[in-house]
Amino acid sequence: MDWLSTLTAGGLVQQFIVGLSRSTILFIVSSGLSLVLGVLRIPNVAHGSLYMLGAFLCFSIASLFDNSSMGFWIGLALAPFCVAFVSLVAERTLFSRLYDREHLMLLLFTFALMLLCRDAVKIIWGSEYRSLAPPVALQGSFSVFGMLLPKYNLFLLGLGPFVAVGLWFLTQKTKIGKIARAAAVDRDMVGAVGINVSWVFAFVFVIGCFLAGLGGALVAPTQNINQGMDHTLIMEAFLIVIIGGLGNVWGALLGALIFGLTDSMGILVWPQFSIVFPYAVVVIVLIFRPTGLLKSTW
Amino acid sequence: MKRSLISIFALFISAVIVVWSVPVQAADEIKVGIIDTYSGPPSSYALDVLDGFKLAMNKINASGGVLGKKLAYVTRDDKFKVDLGLTSAKELIMRENVNLLVGTINSAVSLAVSDLAKKEKIPFIVTYGKSSNITGAKGHKFVFNMNENTEMIGKAAAIGLSKRPFVKYWIAGDDYEYGHAVADGVWNHLKKIKPDVQLMGQSWWKVGEPDFTPYITSILSAKPDAVIVATGGAGCIPFLKAAKNTGFNEKIPMFMHTATELSTLRPLGLDAPEGVIGTSNYYFYFPETDANKVFVEEFRKAYDRYPSFGSLIGWYTANFIAKAYEKAGKVDAEKFAEALTGLSIDTPIGPLTVGKFDNQLMLPMFMGVTKKVAGYDFLIASEIMTIPAQEIVTTEEEVKKAREQK
Amino acid sequence: MGLSRASSKLVSLSFLFIGLLALSVAPLFLPRFFIYLTALVLLTGLLATSLNLALGFGGMYQFNHSVFYGLGAYGLSLMLIKTSLPPLLGYIVGPVISAIMALIMGIICVRLSKLYFGMLQLSLGSLVWVVIYRWYSFTGGDDGLHGVPIPQLFSSVTGSYYFTLVVTFFCMVILYFIVHSPFGRILQAIRDNPERSASVGIRVRLQQLIALVIAGFFAGVAGGLFVTVEGSAFPDLLSWTLSLELIIMCLLGGWFTFFGPMLGAAIIVCLRALVGGYTEFWTLALAIILMLLIYFLPEGALGFFERIWHGKASASGEVK
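Chains as they are written, first to last, in my numbering: chain A, 604 to 901; chain B, 444 to 849; chain C, 98 to 417.
Structural data, given as structure tokens:
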């Protein structure tokens, strides 16, 4: 095997760091999915579409500013809010009437929404590939001990903990977070104490979709922005949520780490068959722990 | 409740109306059925082909048409899906009564439709499917390939790369038929021409892989002399982008088949990496012949953009169709197929001939290196080296061998 | 009540008879393309009906049904291409492979309920898809298998149509009897109340597993028919988007009715072939149909008509 000779400590660390930064994106997106799934019981297939929407919006906003570095930062800041707004409208007009339906109906409904988003993106942005440059400060890479660490990936890596802590704070420490957690367990009870459950749900849904938009805006400079983005992501995000435990945000973190790291380490160890690694890990986890690694919320 | 029922009913009725409205068949028309991917990312290639086809078709019709008949076309969208492509092909043959089929960018659809064409005895001209099986192992009398195939890419790249000083190679690519076929093609031929080359390792990622950074960093840590990148349409652009972001192109030279093609470089704008070695069958700025200048001028006038290789394919496909019918003397599938085999026409890149024994168009290949040039808002190829068609086409023995093996 | 029931049964039987008669003489009148389209409708209808056995009658979230369809198609194609065994054997081998895979996936999934079941099946299905998609030397990889040597007798459009019609008819009869057998009733009892079923001594998991295997088997039969009609097998047949489309067919036709999925398949296949080829916006049309359906017709078209027919004035909320 040739790869053994090329395997170095530096290479391992480098691959590990890149894998971690990939996990960050996966965590941001799948935690949103998990949140919505846990509290609202909606398996949101359209989550990937919102992620795609985030990337496209970030691209468009940045191009309003001639693709300058400032443009990217503005795009990154605004795109998630635009996505959140779209999701708020969708939740209030469409989803809020369907909460008492069974999961399958909700799943199919979000599938319809995914199809709708795909065609909407096609109509608005056309089907050409779009491309967005990272801001000048984050272009290129650092060279440390002969390792090549792309600056943008380090930036993503630095951002991950903030999102995780923010989510933790939101769900554990704020009042609305506590209500949402209670509603996840027993929505009728929460309603009975006089809390408007419908708006709590809307809030959680919007937060989840905001995270999808944020993930999309963050990956925009690292990949080409196209109509297939939703398709690849949604499957991975669902698998992560399942191995982590449905509705458990920490499970999403664990799942994202497992998924991202097996992916990137697999590439280093056995590049020809790296495609199989993450799927195989998912199947192994599910055979031994069919309801995910951490406790699911339902 | 009632309203939704009515709407479903209305949809059903409209479907039935579409079913029964038999298409109008003009007697003085040669009808070409085009199946291609007009939605999703590959549609930009398909639209280039279609625009080139229309340009040539309008010119042919303006000067009297073919055999006194007008050339006309209908399109169907296969959405990059085999089942939809097959249904569309059957609909075009059985309901629209097209005289021949043209398409598609998806190799799997091309192979499936080719099999149908063989059964139905309808000529099928492949425009952008690059599998060498189309005219190789699965070739037959009625199928023609108008673009380069994976074998040709492999041979051309091997010839070009053998002239460079690289010894230790790494292969990376999209994990699907096209990626592996290109990689195997390049590597097998390179090994033949230059036996001292070494393969250090390989990386394969899934089609549509969003982030190439982990792959790139792992290749960098192996430090090969050069990398052969075998990505298809959808992977090229993000890979080049990741290469630029990580500074990969400055550290290790890399070869990618379509890297210098306009369809790849235009969407990247000035974000494309410089110094990437790529092959293409056509540049609008090369060869600098009058025929090419005229073609570029006409295309720009009609569509307000530069023609890509796809546009040229569409253009000469229409011209080949017209010439073949004229040679056949009548509108007949069998006669047409016989006439098109071995036919030559003049094109912006010189005279081109359809292969006699495999119906594969013999195309020259140009190898260049990406470079920023003032006056264009995207990168173009420089240091262009021409690899003549005779050196890269599949030989008769190779075709025979491939067809016996199945 | 008994009388009206008997008469309604008579009416449906005569409808069925007229329908069959029309279908069997159709090739004499209809253009070739519509014969082909009808064959496609029939086999997709069989596929949707087999899904509905697990989904509508079994209450299991069979999210990756197309895996069994694809395996049936690949099983037949590979047998015809690689071996010289009698071709008709392939029509048994394909479905058996599907049934075995359904058994394996069923054993792993069946201990989970609802959404977990569906999601686990989705990920296992993706693994099967990856194997088919990657195994170039055996399955032809992403290019798929084309020009499958179908027996001469059913390789023409009409031949494949009649073959599809006969096979679909017999499979539908078998499925009908399965649904209306004691086993079918047990399955529906489990769907409606698994706890109560378990407490009266029904081995819930076993019954569900049997249903999954039967559904997988008939999906494999449909896969074989697809190869007969199209002459190709390719990885798209196993994709999860196709599986979701199948669920839409069941929903559209009505998943508490036996013939609903067939109707749903007819509508979707026709629309897909006609709208899909002409416009770019087929997905948009599908999305709108689906949304309208979920809002206004959750029990499906046939379910709606049946309710009108039987004069049941129950609310749509009964769907659970």
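Note that beta-carbon positions come from the ideal geometry of N, C-alpha and C, so glycine has one too.
With respect to the C-alpha of Asn829/A, the residue from Leu757/A, Phe698/A, Ala740/A, Cys720/A having the closest C-alpha is Cys720/A. Residues of chain B whose Cβ lies closer than 9 Å to the Cβ of Pro753/A are, in chain order, Thr656, Ile659, Thr660, Ala685, Asn688, Thr689, Gly690. In chain B, no part has a C-beta under 8 Å from the C-beta of Leu653/A; the shortest such distance is about 16 Å. Cβ contact annotation for Ser661/B (same chain, cutoff 8 Å, sequence separation greater than five): Ser646, in chain order. Look at Ala370/C: its C-beta is under 8 Å from a C-beta on chain B. Taken in chain order, the unbroken stretches of alpha helix (DSSP H) that lie wholly in the segment 133-187 of chain C and span 4 residues or more are 163-179. Short of 6 Å from the beta carbon of Cys685/A, and not among the five residues preceding or following it, lie these beta carbons of its own chain, in chain order: Leu660. Contact of His243/C with chain B is assigned, a C-beta pair being separated by under 8 Å.
Across the segment 600-623 of chain B, CB contacts with chain C closer than 9 Å involve Asp618, Tyr619, Glu620, Tyr621, His623, in sequence order along the chain.
The DSSP-derived three-state label of Trp802/A is helix. Around the beta-carbon of Met269/C, 16 or more other beta-carbon atoms lie within 10 Å, marking it buried. If you compare the alpha carbons of Ala136/C, Asn149/C, Phe114/C with that of Leu272/C, the shortest gap goes to Asn149/C.
With a beta-carbon spacing of about 7 Å, Val689/A and Leu656/A fall inside the 8 Å limit used to define contacts. Chain A has no Cβ within less than 8 Å of the Cβ of Leu795/B. Approximately 5 Å separates the beta-carbon atoms of Val642/A and Ala783/A; this is inside 8 Å, confirming the contact. Collapsing the DSSP output to three states places Leu751/A in a strand.
In summary, His243/C is buried, with 16 or more beta-carbon neighbours lying within 10 Å of its beta-carbon over all protein chains present. Where Ala715/B is concerned, there is no enclosing beta strand (DSSP E), because DSSP gives it neither an H nor an E. DSSP, read as helix, strand or coil, puts Gly116/C in helix.
Excluding sequence positions up to five before and after Lys474/B, its CB lies within less than 6 Å of the CB of Ala515, Val541, Asn542, all in the same chain and listed in chain order.
Close partners of Tyr732/A in chain B (Cβ separation under 7 Å): Pro484, Ile680, Pro710. Taking C-beta atoms under 8 Å as the contact rule, Phe698/B and Phe655/B fail to qualify, at a distance of about 16 Å. For the pair Pro807/B and Pro638/B, the Cα-to-Cα distance works out to about 25 Å.
Residues of the segment 818-838 of chain A with a C-beta less than 8 Å from any C-beta of chain B: Val822, Pro824, Thr825, Gln826, Asn827, Asn829, Gln830, Gly831, Met832, His834, Thr835, Leu836, listed in chain order. Take the alpha-carbon of Ala196/C and the one of Phe235/C: they are about 21 Å apart. Residues of the segment 786-804 of chain A that bring their beta carbon within less than 8 Å of a beta carbon in chain C are absent altogether. For the segment 878-889 of chain A, the beta-carbon criterion of a distance under 9 Å to any beta-carbon of chain C is satisfied by Ile878, Val879, Tyr882, Ala883, Val885, Val886, Leu889. Look at Gly572/B: its C-beta is not under 8 Å from any C-beta on chain A.
Taking 8 Å as the CB threshold, Ser329/C lines the interface with chain B.
As the crow flies, the alpha-carbon of Leu718/A is around 8 Å from that of Ala649/A. Per the C-alpha coordinates, the member of Trp873/A, Ser867/A, Leu857/A, Gly831/A positioned closest to Gly729/A is Gly831/A. Counting only the Cα atoms, Arg733/A lies some 30 Å from Leu387/C. For Met589/B, there is no enclosing beta strand (DSSP E), as DSSP marks it with neither H nor E. For the pair Trp352/C and Leu152/C, the CB atoms are nearer than the 8 Å cut-off. For a cut-off of 8 Å, the C-beta gap from Thr265/C to Leu143/C is around 5 Å, short enough to register as a contact. Bounds of the alpha helix (DSSP H) holding Pro279/C are 279-289.
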